[in-house]
Amino acid sequence: MGDYVKKAVELTSVFMGGGLIYALIEIIFRGYTHWTMIIVGGLAVLGLYMISAMRESVWKKWILGAAVILAIEFVAGIILNIILGWQVWDYSEYRFHLYGQICLRFAMYWLALCIPGNALCCLVRKKVFSR
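Take the sequence shown: its letter number 110 is residue 196 in the numbering used here, and every next letter is one higher.
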């Protein structure tokens, strides 16, 4: 298998696995999910996976990971909730929110999830994809 095919399989696997894990976490904590969260979660975990390979200090990876998740969540929220009107989520009830799509409380949750997320991404890279 060529290097490009191996990389495509690796990134596709991370995207799909991440999307399913994200949806499962949401079901556990919220009681339900929306199919679009598989895509949003997949993109978020793929971002974390790429960040985990960077040669930066671990705390910078955590902060960058949280920022990437917030950016993905904000763009997805604008498209899904505001433009399409699907009302997948709404953080308007929380303090320090931006258009109800992201908020400080969940930014802290994403930061906290980036700590084990970075470790898991490093483990997957080493043990599953031998990189």
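From the three backbone atoms N, C-alpha and C, an ideal C-beta is built for every residue, glycine too.
Treat the numbers as computed from the prediction; the structure is a model and nothing was measured.
Cβ-based neighbour list, residue i, same chain, cut-off 7 Å, excluding 5 preceding and 5 following
i: C207; result: L134, Y135, S138
i: L209; result: none
CB contact flag (residue i, residue j, <8 Å)
i: V221; j: V100; result: Nothing in the structure corresponds to residue 221, since the chain is present only between 87 and 217.
i: I168; j: Y185; result: yes
i: L106; j: I124; result: yes
i: G188; j: G163; result: The sequence shown places Ile at residue 188, not Gly. Going by C-beta atoms, I188 is nearer than 8 Å to G163.
Coil, strand or helix - residue i by DSSP
i: L184; result: strand
Other residues of its chain near residue i: CB distance less than 8 Å, five sequence neighbours each side excluded
i: A193; result: A152, L156
i: I158; result: V126, L129, A130, G133
Nonlocal neighbours in the same chain, by C-beta distance under 6 Å from residue i, ignoring five residues either side
i: E96; result: F215
Integer Cβ distance of residue i from residue j, believed to fall under 8 Å
i: V174; j: T122; result: 6 Å
Would you call the stretch 144-163 in contact with the stretch 102-114, where contact means no fewer than 3 C-beta pairs closer than 8 Å? no
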